[in-house]
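Note sheet for the following structure.
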Amino acid sequence: MATINDNYLKLKAGYLFPEIGRRVNAFAEANPDAKIIRLGIGDVTEPLPEACRTAMIKAVEEMGDRATFKGYGPEQGYAWLREKIAGDDFQARGCNVDASEIFISDGSKCDTGNILDIFGDDNTIAVTDPVYPVYVDTNVMAGHTGAANDKSEFEGLVYLPITAENNFTAQIPAQKVDLIYLCFPNNPTGAVATKEHLKAWVDYAKANGSIIFFDAAYEAYITDPNLPHSIYEIEGARDCAIEFRSFSKTAGFTGTRCAFTVVPKTLTAKASDGSDVELWKLWNRRQSTKFNGVSYIVQRAAEAVYSEAGKAQVKALVSFYLENAKIIREKLSEAGISVYGGVNAPYVWLKTPNNLSSWDFFDKLLQTCNVVGTPGSGFGAAGEGYFRISAFNSRENVEEAMRRITEKFKA
Ligand SMILES: Cc1ncc(COP(=O)(O)O)c(C=O)c1O
């Protein structure tokens, strides 16, 4: 008799986004004339930059000619893309990252989940609370946790609360943890990390033999010149950190799919016999076995992000969403709501007015303003009483949503 991976049964059936969908659909059915504005799920809305589309069209033409046709590419990604990334995203910022340490993939969601393949099952794992749910759920699936309690906290994980009290940056844990997930600029809180904060983590990881999983999916939204874009801007990070990057939110690739992971060749972890093993070799082996690369067409589109035209178009795209975030921050503040994030990040995190629970605020916003956001409690127990508004939408929708909110909440 075939059996299943029982760990999947530990996952909560009412996962955040399906539950949001259920409530929105029920409301829409009961109120067919309501013009619902969705500022919930973090998907981009604006078209793919012209430079990327032009590069894709050219690549499609190449695929149509026997002389330039491409079959399987390198599992790690084409060298011309890896070199551009290493040069522009890392070396230009003084980070010592070589093209051979970059692995092109079809998404950071997959990479942050798949990375667990090369680690043991006995690691102590720390996540912030609230957190991007993929980090938690992939550990549950891998059997790294016990069951969830009534606050949806999984036994065996170390939760590091991030709230207004600590400026949404986690305290360095007093106990020893082996794997730590950090995400800056942060989803869902929009918080950013200073070099000092990242240095404290790097020092901790080096002292404890821990590995940091650094998710920089929103790096392009950093406009403050003093903030680090990569963990490799911190000395010593090559010995303790893996970095995840994505073109999804940078260049509107959520539907096109391209991302990359940096695994420095200097990074090691222990085998069960106590020897040090290079993680680069394991990840290279994992990707070569379980992954067959990103399509040539998409990699050419990603390469175009680094062209002069591509850089200007991506900058304009990011500025557009950041302006949305600014409008959201200003209008919510005007309505007397406490807001966080949304300055170097596309997410605005707000404290629910009148101490409403996250879900009560969700229902109120949907019913009174016909606006959809994301309840903070869906990202973790410490997100209770908070709420996420995404800047990924048209200007018209953002302005209309904010007009409705200020009107209802100002009173
Ligand atoms: C923190 C974070 N990491 C990774 C991802 C996934 O990115 P990708 O589209 O590359 O899979 C997201 C998407 O919302 C995210 O918020």
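Following numbering that gives the first Met the number 0, the numbering of the sequence shown begins with 0 at its first residue and continues without gaps.
Just so it is clear, CB atoms sit at the ideal spot from N, CA and C, and this is done for glycine as well.
Computed from a predicted structure; not experimentally measured.
Backbone CA spacing between residue i and residue j [nearest angstrom]
i: G235; j: L156; result: 26 Å
i: L38; j: D272; result: 50 Å
i: E329; j: C94; result: 35 Å
i: W279; j: I241; result: 10 Å
i: V370; j: P187; result: 18 Å
i: A173; j: N165; result: 16 Å
i: G20; j: G208; result: 42 Å
i: L321; j: V191; result: 14 Å
i: T267; j: V276; result: 5 Å
i: K194; j: N225; result: 8 Å
i: H143; j: A204; result: 20 Å
i: V413; j: E154; result: Within the shown structure, residues of the chain are numbered from 0 to 410, placing residue 413 beyond reach of any answer.
i: Y131; j: F319; result: 24 Å
i: F360; j: A163; result: 18 Å
i: N354; j: V317; result: 33 Å
i: F243; j: D136; result: 17 Å
i: L331; j: R387; result: 12 Å
i: G341; j: V23; result: 25 Å
i: D32; j: A400; result: 16 Å
i: I230; j: F213; result: 7 Å
i: E61; j: T249; result: 26 Å
i: Q170; j: D238; result: 21 Å
i: N122; j: I404; result: 45 Å
i: V126; j: N343; result: 22 Å
i: V139; j: Y7; result: 7 Å
i: M0; j: F102; result: 39 Å
i: P73; j: A91; result: 25 Å
Residue i in three-state terms, based on DSSP
i: L10; result: coil
i: Y220; result: helix
i: Y131; result: coil
i: A381; result: helix
i: I230; result: helix
i: E395; result: helix
i: E277; result: strand
i: T111; result: helix
i: K269; result: strand
i: F153; result: strand
i: L159; result: strand
i: A204; result: helix
i: V23; result: helix
i: I124; result: strand
i: A91; result: helix
i: S357; result: helix
i: F16; result: helix
i: I171; result: coil
i: E406; result: helix
i: V96; result: coil
i: G86; result: helix
i: A192; result: coil
i: N138; result: helix
i: D32; result: coil
i: E164; result: helix
i: D177; result: coil
i: D116; result: helix
i: D362; result: helix
Bridge-paired residues (DSSP) for residue i
i: C182; result: D214
i: S245; result: A258
i: W348; result: Y339, R387
i: A199; result: Answer is none; A199 lacks a bridge partner.
i: A1; result: DSSP, once it has assigned bridges, lists no residue as partnering A1.
i: V371; result: R37
i: I101; result: V261
i: A147; result: F153
i: L240; result: Note on identity: in this sequence residue 240 is Ala, with Leu being the wrong assignment. DSSP output for A240 lists I211 as bridge partner(s).
Rounded distance between the beta-carbons of residue j and residue i, thought under 8 Å
i: E345; j: F408; result: One point to set straight first is that residue 345 is Pro, not Glu, in the sequence displayed. Actually they are not in contact, since the Cβ atoms of P345 and F408 sit about 22 Å apart, beyond 8 Å.
i: K69; j: Y217; result: Wrong, their Cβ atoms sit about 31 Å apart, outside the cutoff.
i: E49; j: Q298; result: The Cβ separation is near 18 Å, so there is no contact.
i: G379; j: Y158; result: 7 Å
i: D105; j: A258; result: 7 Å
i: G292; j: G76; result: 7 Å
i: D487; j: I161; result: Here the chain has residues from 0 to 410 only, and residue 487 is not among them.
i: A219; j: K9; result: Between K9 and A219 the Cβ distance is about 35 Å, and since that is not below 8 Å, they are no contact.
i: C51; j: A300; result: 4 Å
i: W358; j: P374; result: 5 Å
i: I336; j: V397; result: About 15 Å; that fails the 8 Å criterion.
i: I210; j: L181; result: Their Cβ separation, rounded to whole angstroms, is 11 Å, which puts I210 and L181 out of contact at 8 Å.
i: S151; j: K11; result: 6 Å
i: I233; j: L197; result: 5 Å
Any chance you could list the alpha helix (DSSP H) runs of at least 4 consecutive residues sitting entirely within the segment 47-79, in chain order?
Every unbroken stretch of the alpha helix (DSSP H) spanning 4 or more residues and falling wholly within the segment 47-79 is given here in chain order: 49-62.
If you scan the segment 282-346 from start to end, which runs of the alpha helix (DSSP H) of 4 or more residues do you find wholly inside it?
At a cut-off of 4 residues, the continuous stretches assigned as alpha helix (DSSP H) that sit fully inside the segment 282-346 are 295-303, 307-333.
Closer than 5 Å between the C-beta and any heavy atom of ligand 3: which residues qualify, listed along the chain?
Inclusion of ligand 3 in the displayed structure is not the case, the ligand content consisting of ligand 1 alone.
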